[in-house]
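Take a look at the structure below.
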Amino acid sequence: MPQILAIESSCDETAAAVCRDGIILSNIIATQKIHEQYGGVVPELASRAHLQAIVPVVDQALKEANVNLQEIDAFAFTQSPGLIGALLVGTEFAKSLSLACNKPLIAVHHMQAHVLANLIQSPNRKNSIPTFPFLCLTVSGGHTQIVLCEDYLKMKIIGQTLDDAAGEAFDKSAKILGLPYPGGPLIDTYAKEGNPGKYKFPEPKIDGLNFSFSGLKTAILYFVRDEKIKNENFVEENMADICASVQSRIVSILLNKLKKAVDETGITNICIAGGVSANSGLRLAFEKMGIKEGWKTFIPAFEYCTDNAAMIAITGYHKYLAGIFEDLSVVPSARAVF
Ligand code: KG4
Ligand code: ZN
7 MPQILAIESS CDETAAAVCR DGIILSNIIA TQKIHEQYGG VVPELASRAH
57 LQAIVPVVDQ ALKEANVNLQ EIDAFAFTQS PGLIGALLVG TEFAKSLSLA
107 CNKPLIAVHH MQAHVLANLI QSPNRKNSIP TFPFLCLTVS GGHTQIVLCE
157 DYLKMKIIGQ TLDDAAGEAF DKSAKILGLP YPGGPLIDTY AKEGNPGKYK
207 FPEPKIDGLN FSFSGLKTAI LYFVRDEKIK NENFVEENMA DICASVQSRI
257 VSILLNKLKK AVDETGITNI CIAGGVSANS GLRLAFEKMG IKEGWKTFIP
307 AFEYCTDNAA MIAITGYHKY LAGIFEDLSV VPSARAVF
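To convert, take the position in the sequence shown, counting from 1, and add 6; that gives the numbering used here.
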């Protein structure tokens, strides 16, 4: 019954989790509020905030799991991708714990971990999880990928964005509408009250299984600019309908490509993951499409969609079982493919 302590510090969440035999015992997340006033994540401030939060966050994760440091069998951490200064904090902290406790060190790829969040089981193991092979649409603030997952650690990216990520499409659209960062969750909230068919935004024609969101961003920018010339309060007066229309287009771009991937691979176990998979419009449309197309669909619990350390712990657990460890010379990497 291996017990893993996992640390996530790739962006603006300082997180720690403990898992025992693949079951999550604790999942602590400290979200850095400091970035809100700057309209985006400031890397230097993120590193400093990680340094302040990491000891109390790890401490709380151990306490909630009712496990002490000496009972941990391995330390897992996010090695890549992410902000390098932010990754360094979690990496060096995990290395120090590994050295002090004389227990192995496990490096985790953040995007693989988002995919494997779909394998997290509830303590009574009652929720259904996908069997291999499965496809995962991973949609976050920095990435948009369709991943073919053949085994716990055997994954291949079969489609990805050529420019902005889906999360960026949400956040940049929100910015154009004058909403604060991160705008994705706010668009989601406004969209619930709006008419998704009110305004038509273009769907880009991109070959294969790749995505593009930069054209949509420009279309929204010009649309808002032109409407504001006619009525300067246009955005405020139509916020719900604009948000619903923007969200509906981002969701249709994502799901049309996902359907294409299913048609091409013949795989019908389908997952979504990453921060944007917390979006209620995407979750609903994904499940509807799954019923219509005869897929088995899986969505991680809400708390495992946005950045968290439980997903690092579950990935670390499978690396532990496979005997994949690092020595103390391991360094983080801002960009790394898997
Ligand atoms: O996975 P994540 O927490 O961090 C990265 O690895 O990037 O994803 C963050 C992204 C942000 O762009 C945020 O706006 C978006 O996920 N997001 C949402 C929602 N919740 C988070 N986008 C739309 N609707 C949401 N409910
Ligand atoms: Zn993430």
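Beta carbons are placed, not taken as given, at the ideal position from N, Cα and C, and that holds for glycine.
Does the stretch 134-143 come close enough to the stretch 93-105 that 3 or more CB-CB pairs lie under 8 Å? no
Practice prompt. Closer than 5 Å is what we want: which residues have a beta carbon that near any heavy atom of the ligand KG4? List them in chain order.
Written response: One residue after another in chain order, those with a Cβ under 5 Å from a heavy atom of the ligand KG4 are Ser146, Gly147, Gly148, Gly173, Phe176, Asp177, Pro188, Gly190, Pro191, Asp194, Gly280, Gly281, Val282, Ala284, Asn285, Thr312 and Asp313.
Rounded to the nearest angstrom, what separates glycine 147 and glycine 190 at their Cα positions? 9 Å
**OP:** Confirm the yes/no value for this check: CB of serine 254, any heavy atom of the ligand ZN, distance under 8 Å.
**Re:** No, the Cβ of serine 254 stays beyond 8 Å of every heavy atom of the ligand ZN.
Status (buried if at least 16 other CB within 10 Å, exposed otherwise) for glutamate 174: Around the beta carbon of glutamate 174, 16 or more other beta carbons sit within 10 angstroms, so the residue counts as buried.
Answer yes if the stretch 318-330 comes into contact with the stretch 208-221, meaning at least three C-beta pairs across the two stretches below 8 Å, and no otherwise. no
Can you tell me where the alpha helix (DSSP H) with glycine 287 in it begins and where it stops? 286-299
Practice prompt. Identify every residue that forms a DSSP beta bridge with valine 24.
Written response: Leu11 and Ser32
Practice prompt. Would you check whether the ligand ZN has a heavy atom nearer than 8 Å to the C-beta of cysteine 17?
Written response: yes
Exercise. Return the first residue and the last residue of the alpha helix (DSSP H) that alanine 92 is part of.
Key: Where alanine 92 is concerned, the enclosing alpha helix (DSSP H) stretches over 90-107.
Are the beta-carbon atoms belonging to tyrosine 187 and glycine 28 less than 9 Å from one another? No.
* Give a single yes or no on whether histidine 120 has its beta carbon closer than 8 Å to a heavy atom of the ligand ZN. => Indeed, a heavy atom of the ligand ZN lies less than 8 Å from the Cβ.
Segment contact flag, the stretch 63-73 with the stretch 30-46, C-beta cutoff 8 Å, min 3 pairs | yes
Worksheet entry | With 16 other Cβ atoms within 10 Å as the buried cut-off, status of glutamate 242 | exposed
Notebook entry, point to check: Between alanine 52 and glutamate 299, what straight-line distance do the alpha-carbon atoms span, to the nearest angstrom?
Noted result: If I take the Cα positions, the gap works out to 42 Å.
Query raised in the report: Exposed or buried, which one is leucine 168 when buried takes at least 16 other CB atoms within 10 Å?
Result: exposed
| message | Give me, in chain order, the residues of the same chain whose beta-carbon lies closer than 6 Å to that of leucine 288; leave out the 5 immediate sequence neighbours on both sides. | response | Val257
>> Could you check if histidine 324 belongs to the surroundings of the ligand ZN, using beta carbon to heavy atom distance under 8 Å?
In response: no
What distance in whole Å lies between the Cβ atoms of alanine 328 and leucine 125, which are believed to be in contact at a cut-off of 8 Å? Actually they do not touch by this definition, with Cβ atoms about 14 Å apart.
(message) Give me the residue from Ser15, Leu11, Val64 and His120 with the minimum Cα distance to isoleucine 78.
(response) Leu11
Range of the contiguous alpha helix (DSSP H) that encloses glycine 165 | From DSSP, glycine 165 is part of no alpha helix (DSSP H) but of the beta strand (DSSP E) over 160-166.
Distance, isoleucine 276 Cα to glutamate 293 Cα:
10 Å
message: If the criterion is Cβ atoms closer than 9 Å, does the pair glutamate 358 and methionine 317 meet it?
response: Outside the shown range of the chain (7 to 344) lies residue 358, about which nothing can therefore be said.
Practice problem: Tell me, to the nearest whole angstrom, how far the beta carbon of valine 145 is from that of valine 282; I am working on the premise that it is less than 8 Å. | Solution: 4 Å
Alpha-carbon spacing of glycine 296 relative to serine 102, whole angstroms: 45 Å
| message | Considering only heavy atoms of the ligand ZN, does any lie closer than 8 Å to the CB of histidine 116? | response | yes
So cysteine 311 is in the beta strand (DSSP E); what residue range does that whole segment cover?
Segment: none, cysteine 311 is in no beta strand (DSSP E) and carries neither H nor E.
- Task: Work out the CA separation of asparagine 237 and valine 343 for me, nearest whole Å.
- Result: 46 Å
Exercise. In chain order, which alpha helix (DSSP H) runs of at least 4 residues are fully inside the stretch 172-199?
Worked result: 172-182 and 190-197, all fully within the stretch 172-199.
* **Per-residue DSSP class, three states only, for leucine 334** => coil
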